[in-house]
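> This is the structure I want to talk about, given as structure tokens.
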DNA sequence: GGGCGAGAAGGCC
DNA sequence: TTCCAGGCCTTCTCGCCC
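Okay, structure coming up:
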């Protein structure tokens, strides 16, 4: 990279493509003999002038600015600074060395050109021909014949076709890939039941035990596993065997395709191996990190990370520097981590750039629905919604909002996403994404006997479930002595809980549809009727003899519901604003709050009936009060705190000083 | 002034 | 001719609160 020079568009060189930082010329398995300059030139020629290209230039300029800034800081370091940082490095090296574990044998399996190989199995006529899975806009993977032309994953199809005019495009079919992936995983499970699936086509296996039990070496197990994978699927894979996952992953790439590489478990072999290894080979170090390390600090190999450790600790955050140093020592994960808990879930779609608001809202609705479906499938509820937009000029914007309650409802997601989008208009957009984070996982991850409560919360349109409510729900349940909240009792109760909830959901949706065209008071009346009816249905299920006619005409049943449910009065707003159960006052215009409030009483009542507990928690007023004070922040929850113990933060890092990266994307 | 949470952005596969 | 994904994670900055 031509450091410090202007961006590529203004480069006066007769070979401007040389400074175009495409990722497509990076060495990847099967691309060894590729004419890199030709690929780079074609990619440059086809990209230049496009909005994508301009955006790349902007990013490139930003990266260069960052590198320059780092260099400046580097130059300002005094020898005593460096000597102090060196002491830190020396100490950390000792500490890290103490954690070195050479007793484990890890195997990394990587399927060869997975999607392309599966497609070739389905259609043998593709064998031997250059082929890519994907379309003209983007390809997901390419077979080895296509890679000889420089075609590779994440490359736009139109560029791939230019590089290889005979390229055959096959559409992506994830169902098929998942099926084959399942077959490979069955094989993996025979060697390590706790194997870590990284993606559809990659996995880590701790084969220490199987090696010992069968008296076989890592190489022999790898050979056997690959052979079983082939006989089960007809697909080839490559494997790496080493003392930790980081090294095993590097090793699996060495003899690709259909090969394996074993790195012996002794320190000097590891250190020799790592000494000349380019940093880019390490998982977690990508294009940007590679450039920063090389151009700001002159670090190209893993060994140099240790040699220049003082600079790393001077310029990077502690966690980033620790990561780099451990890489330089050839250290990596050796334990089987507990199941990674996801932090967010998202859905996004790219389409032709448009500024048509109606179209944008309709895309938004589709995505909200998809996200909601995914969340329900995974049993997740969350309270932070982030809208991501990629504008026609490839600028990425994200706008987030934290909701008052945990939800997975598409209505809720869409409602808030619409507000976020509205604030950005007018804008021409080519991608919309929605992400939900801050999961309700204290409950999700709590003891298994609470599964049905979780299910209840999740399956219910949780849009109206307040955190406080859930917490009290949970606590009440767990405090209930004598195991009256056993799994069995939940099972029994779940049926009618679910029905009530589903009924209520339907009612809610119906009422919402009507509401849009109704006056506020009328809406409130209707809601009262529906609330009363939901309780009634619940009651009917408990007492099957109750008249069936109740359900037929909800609007006519409210008073009936009251009369047949005397021991637990239905929720009713006295004088139109006061809850008869707890006395809290909420004017009719506080529609959402009133809905939540009634939900709370409903849930509490069901809970109490099941557990026999009469413990009652008044729904928190603090949020309601917070609402009244329009600008006050909601009471801080314990967030899903960064679980720093789980993984070394790797992928992204920044210098310790201020970034001062003028955020053009910021602030409107 | 430090701790903390929310929002935004960057980065990797 | 066609003009660059989708998902997830981490860190940073800023502002509020104690």
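Numbering (UniProt numbering), first residue to last: 1 to 668.
Every residue, glycine too, gets a C-beta built ideally from N, C-alpha and C.
1) What alpha helix (DSSP H) runs, 4 residues minimum, are completely inside the stretch 300-343?
2) How long is the line joining the alpha carbons of residue 405 and residue 241, rounded to whole angstroms?
3) Expressed to the nearest angstrom, what Euclidean distance is found between the alpha-carbon atoms of residue 269 and residue 260?
4) Using DSSP with H/G/I as helix, E/B as strand and the rest coil, what is residue 168?
5) Assuming residue 421 contacts residue 360 under a Cβ cut-off of 8 Å, what Cβ separation, rounded to an integer in Å, is found between them?
6) Measure the CB-CB distance between residue 219 and residue 262 and report whether it falls below 9 Å.
7) Go ahead and label residue 723 buried or exposed: buried means 16 or more other beta carbons lie within 10 angstroms of its beta carbon, across all protein chains shown.
8) Could you pull the DSSP bridge partners for residue 202 from this structure?
9) Does the beta-carbon of residue 389 have 16 or more other beta-carbons within 10 angstroms, so that it is buried, or is it exposed?
10) Helix, strand or coil for residue 218, going by three-state DSSP, please let me know.
11) Determine the closest residue to residue 428 out of 355, 383, 245, with distance taken between C-alpha atoms.
12) Where does residue 429 sit, in a helix, a strand or coil, going by DSSP?
13) Would you report the Cα separation of residue 272 and residue 285, rounded to the nearest angstrom?
14) Excluding the 5 residues preceding and the 5 following residue 528 in the sequence, name in chain order all residues of the same chain whose CB lies nearer than 6 Å to its CB.
15) Where do the ends of the beta strand (DSSP E) carrying residue 140 lie?
16) In this structure, what does DSSP give as the bridge partners for residue 385?
17) Considering Cα atoms alone, identify which of 85, 57, 303 is closest to residue 393.
18) Using 10 angstroms around the beta-carbon of residue 244, count the other beta-carbons present and answer buried if the total reaches 16, otherwise exposed.
19) Give the single residue among 60, 217, 133 whose Cα lies nearest to the Cα of residue 118.
20) For residue 423, does the count of other Cβ atoms within 10 angstroms reach 16, so buried, or fall short, so exposed?
21) Taking just the CA atoms, how far does residue 144 sit from residue 184?
22) Spatial neighbours of residue 195 within its chain, please: C-beta separation below 6 Å, excluding the five flanking residues on both sides.
23) Sort out for me which residues DSSP pairs residue 264 with in a bridge.
24) Quick check: the Cα distance between residue 47 and residue 38, rounded to an integer number of angstroms?
25) Evaluate the contact criterion for the stretch 325-345 versus the stretch 85-101: three or more CB pairs, one atom per stretch, below 8 Å.
26) Quick check: is any heavy atom of the ligand NAD less than 8 Å from the C-beta of residue 281?
27) Where does residue 391 sit, in a helix, a strand or coil, going by DSSP?
28) What span of residues does the alpha helix (DSSP H) with residue 237 cover, start to end?
The answer reads as follows:
1) Fully enclosed alpha helix (DSSP H) runs of 4 or longer: 302-307, 309-315, 318-328.
2) Taking the first residue of the first chain as 1, we reach residue 405 at position 405. Taking the first residue of the first chain as 1, we reach residue 241 at position 241. In a straight line, the C-alpha of residue 405 is about 47 Å away from that of residue 241.
3) In the first chain, counting from the first residue as 1, residue 269 sits at position 269. In the first chain, counting from the first residue as 1, residue 260 sits at position 260. The C-alpha of residue 269 lies about 17 Å from the C-alpha of residue 260.
4) As a working mapping, residue 168 is identified with position 168 in the first chain. Note: residue 168 maps to strand in three-state DSSP.
5) Within the first chain, the letter at position 421 stands for residue 421. Within the first chain, the letter at position 360 stands for residue 360. About 7 Å separates the two Cβ atoms, so the contact holds.
6) Taking the first chain and counting its residues from 1, one reaches residue 219 at position 219. Taking the first chain and counting its residues from 1, one reaches residue 262 at position 262. The criterion of a C-beta distance shorter than 9 Å is satisfied by residue 219 and residue 262.
7) Since the first residue of the chain shown is 1 and the last is 668, residue 723 is not available in this structure.
8) Here the question's residue 202 lines up with position 202 in the first chain. According to DSSP, which records beta bridges pairwise, residue 202 is partnered with 110, 199.
9) As a working note, residue 389 is residue 389 in the first chain. Residue burial is scored here from C-beta neighbours: residue 389 has at least 16 other C-beta atoms within 10 angstroms and is therefore classed as buried.
10) Here the question's residue 218 lines up with position 218 in the first chain. Helix.
11) To locate residue 428, count along the first chain from 1; it is residue 428. Nearest Cα to residue 428 within the set 355, 383, 245: 355.
12) Start at 1 with the first residue of the first chain, and residue 429 comes out as number 429. The answer is strand: DSSP assigns residue 429 an E or B state.
13) Translated into the one-based positions of the first chain, residue 272 becomes position 272. Translated into the one-based positions of the first chain, residue 285 becomes position 285. Going by the C-alpha atoms only, they are around 20 Å apart.
14) As a first step, residue 528 must be located in the first chain, where it is residue number 528. Low confidence applies here, because residue 528 scores a pLDDT of 33, under 50, leaving its location unreliable; read the following figure in that light. Result list for residue 528: empty, nothing under 6 Å.
15) What you label residue 140 is simply residue 140 of the first chain in a count that begins at 1. Boundaries of the beta strand (DSSP E) around residue 140: 139-142.
16) Residue 385 sits at position 385 when you count from the first residue of the first chain. Under DSSP, residue 385 shares a beta bridge with 401, 436.
17) Counting from one through the first chain, the residue named residue 393 turns up at place 393. Of the candidates 85, 57, 303, the one whose C-alpha sits nearest the C-alpha of residue 393 is 57.
18) The residue given as residue 244 occupies position 244 in the first chain. By the 10 Å Cβ count, residue 244 comes out buried.
19) Taking the first chain and counting its residues from 1, the one referred to as residue 118 is at position 118. Of the listed residues, the one whose Cα sits closest to residue 118 is 133.
20) Stepping through the first chain from its first residue, residue 423 is reached at position 423. Using a 10 angstroms sphere on the CB of residue 423, the tally of other CB atoms stays under 16, which defines it as exposed.
21) Counting from 1 along the first chain, the entry for residue 184 is found at position 184. Counting from 1 along the first chain, the entry for residue 144 is found at position 144. Each residue's alpha carbon lies about 21 Å from the other.
22) Walking along the first chain from the start, residue 195 turns up at place 195. Around residue 195: 188, 203, 205.
23) Here residue 264 corresponds to residue number 264 of the first chain, with the count starting at 1. Paired residues: none, contrary to the question.
24) The residue given as residue 47 occupies position 47 in the first chain. The residue given as residue 38 occupies position 38 in the first chain. Taking the straight line joining both Cα atoms gives about 14 Å.
25) Short answer: they touch.
26) In the structure on display, the ligand NAD does not appear, and there are no ligands present to speak of.
27) To locate residue 391, count along the first chain from 1; it is residue 391. Residue 391 falls in the strand class under three-state DSSP.
28) By 1-based counting over the first chain, the position of residue 237 is 237. Boundaries around residue 237 are those of the beta strand (DSSP E), 237-242, since no alpha helix (DSSP H) includes it.
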